[in-house]
Amino acid sequence: EYLDRLTQLEPQLKSFITVTEELALQQARAVDAQIQAGEEIGPLAGIPIAIKDNLCTRGIPTTCASKILQGFIPPYESTVTARLAAAGMVTVGKTNLDEFAMGSSTENSAFQLTANPWDLTRVPGGSSGGSAAAVAADQAVVALGSDTGGSIRQPAAFCGVVGLKPTYGLVSRYGLVAFASSLDQIGPFGRTVEDVALLLQGIAGHDPMDSTSLKVPIPDYSQALIPEIKGLKVGVIRDLLGQGCGDETRAAVQAAIQHLQELGAEILEIDCPSFQYGLATYYIIAPSEASANLARYDGVKYGLRAPADSLVPMYAKTREQGFGPEVKRRIMIGTYALSSGYYDAYYLKAQKVRTLIKQDFLKAFQKVDVLVSPTTPTPAFKAGEREDPLSMYLCDLMTIPVNLAGLPGLSLPCGFVDGLPIGLQIVGNALQESKVLQVAYAYE
Ligand code: GLN
């Protein structure tokens, strides 16, 4: 049924780069056989899932929506997809994204534009736009995305679904194609908070293959799903509701905050003065790490190779032809910021400001259980509307501080403006996913 619906909607939405029909049917039949044999199946068994195409899947093309990975078929499986396959999930396909997850609209894909299911002339957000659109249109029950600076939460907000970026280190990054390694985290999309909690349970937990993976006990997230937040302290990040936030978005989020208060939460206003430097900090750190991570695409190890007479021209031609304009821009910004003479002025300075942003959060969490803000300054915009890269970067104003501090953040639908969904962002202290889920569940 899901494959039929997926195929039927795909000409309009273009959420998928690869549809894995054969694999899906094989996985579904395996679960069916287990049921027929009277074997016990887990809570995720038989559930159709879509996977962002920057997660390596053995034997299935993994493109990162880039021409440079043309023809690359990973010889290994990412930890998250391996865990979900072992749990009996059914993979329906690999979803579209901004090239190497750099972008906020999925328009930077080298292959196709994905439409927002609520209004086909608008973008689904990004970079995990294909995953968000697939879940919103019910082409899959749940999906995986990655979030370096908002790429799960922002498309979740634009597509009216729930998306969670876990605490840095909670979910293994093994097999996730690296963008900015100190910020990247994999996380779930679902139509409900419960679905997101179930999928998080399936992917969280230590992995020796990822040196940044945390060795911590994983709670039972379903226990957090209680519709009760009486007495819980909810901080409103004042700095994210002022300038830079659209009036209609602010109104929708203020109504959501009032609802939390009616549910018994205590509302406090919180100042995070360093957040104003979040975007500037991110756009030094993320491109710097990206420029190092993307050095591996040299025409030798992976995918595309542009033939030339000798080695160095071959590198240059391959990278010139294989990378799109946004990826090239990031590589140039990153190599510039890391070069000698500029390192102290840009990269080192950005790392210091990153610490200040973390301290703003730590101070806030001495007073409150969770923080809330809008997920994005505006609802989904029209395709082609934001050509200027700076206006695109502004989409991440509210999500980026959370990545810089490594904290868990969730986006939850909280109303509509002109028929377009608005997202409420709920942020927790490190490893407080349960609290974030509890507030989201109570609100929902
Ligand atoms: N939009 C941000 C960027 O372009 C965030 C991307 C992400 O989270 N992968 O870098």
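With my numbering as the guide, the letters of the sequence shown map in order to residues 818 to 1261. Beta carbons: idealized from backbone N, C-alpha and C, even for Gly.
Of the listed residues the options, nearest to residue i (C-alpha basis)
| i | options | result |
| --- | --- | --- |
| Q1249 | G942, A862, G986 | G986 |
| T1029 | P1036, S998, G980 | S998 |
| V1268 | P1194, F1178, E839 | Nothing about residue 1268 can be reported from this structure: the residues present for the chain run from 818 to 1261 only. |
| L937 | S968, L826, A927 | L826 |
| Q1142 | Y819, C1062, N871, S883 | Strictly speaking, residue 1142 in this sequence is Pro, with Gln absent from that position. Of Y819, C1062, N871, S883, the residue nearest in Cα terms is S883. |
| W935 | S926, Q843, A951 | A951 |
| K831 | E838, A932, G855 | A932 |
| D1115 | A1125, A1133, D1126 | A1133 |
| G1245 | Q1183, P1230, Y1210 | Q1183 |
| T1192 | K1169, I1243, V1185, R1122 | I1243 |
| F1092 | D1056, G1120, R875 | D1056 |
| A1073 | L1229, Q1168, A850, A1021 | L1229 |
8 angstroms Cβ shell around residue i - same chain, five flanking residues per side excluded
| i | result |
| --- | --- |
| C873 | T879, P891, Y893, E894, S895, T898, G992, L993, V994 |
| E924 | D915, L930, V940, G943, A1200, G1201 |
| I1043 | Q1255, Y1258, A1259 |
| L1221 | L1000, G1095, T1098, Y1099, I1102, R1171, I1174, K1175 |
| K1047 | L1080, G1081, A1082 |
| N790 | There is simply no residue 790 to check, as the chain begins at 818 and stops at 1261 in what is shown. |
| A1041 | A1014, E1250, S1251, K1252, L1254, Q1255, Y1258 |
Extent of the continuous alpha helix (DSSP H) run through residue i
| i | result |
| --- | --- |
| V1256 | 1250 to 1260 |
| P1130 | 1128 to 1139 |
| T1098 | 1095 to 1110 |
| Q825 | 819 to 830 |
| L1017 | 1010 to 1020 |
| T874 | Run containing T874: none; DSSP gives neither H nor E here. |
Start-to-end residues for the beta strand (DSSP E) that takes in residue i
| i | result |
| --- | --- |
| K982 | 979 to 982 |
| K1050 | 1050 to 1054 |
| D964 | 959 to 964 |
| Q887 | It is not in any beta strand (DSSP E) - Q887 carries neither H nor E in the DSSP assignment. |
| F928 | Element bounds for F928: n/a, residue is neither H nor E. |
| Q1002 | 1002 to 1007 |
Close beta carbons around residue i, own chain, < 6 angstroms, minus the five adjacent residues each side
| i | result |
| --- | --- |
| L901 | G1019 |
| I864 | M906, V958 |
| G1061 | P1194, L1214 |
Residues near residue i in its chain [Cβ-Cβ closer than 7 angstroms; skip 5 each side]
| i | result |
| --- | --- |
| Y1164 | I1101, S1105, A1154, L1155 |
| S926 | A882, N913, L914, D915, E916 |
| T965 | A918, F996, A997, L1000, D1001, A1103, N1220 |
| I1217 | G966, G967, G1095, L1096, Y1099 |
(message) My parser needs the beta strand (DSSP E) runs of 3 or more residues fully inside the stretch 1219 to 1250; what are they?
(response) 1226 to 1234, 1237 to 1245
(request) Report the residue ranges of all alpha helix (DSSP H) runs contained in full by the stretch 1059 to 1089; include only those spanning at least 4 residues, in chain order. (result) Taking only runs of at least 4 residues, the alpha helix (DSSP H) segments lying wholly in the stretch 1059 to 1089 are 1064 to 1079.
(message) Does the contact criterion of 3 or more C-beta pairs under 8 angstroms hold for the stretch 1009 to 1022 versus the stretch 843 to 862?
(response) yes
(request) Report yes or no: do three or more beta-carbon pairs, one from the stretch 1204 to 1216 and one from the stretch 1154 to 1164, lie closer than 8 angstroms? (result) no
(request) Would you mind listing the beta strand (DSSP E) stretches within the stretch 1165 to 1198 that are 3+ residues and don't spill past its ends, in chain order? (result) 1187 to 1191
(message) With three or more C-beta pairs closer than 8 angstroms as the rule, is the stretch 976 to 985 touching the stretch 1223 to 1241?
(response) yes
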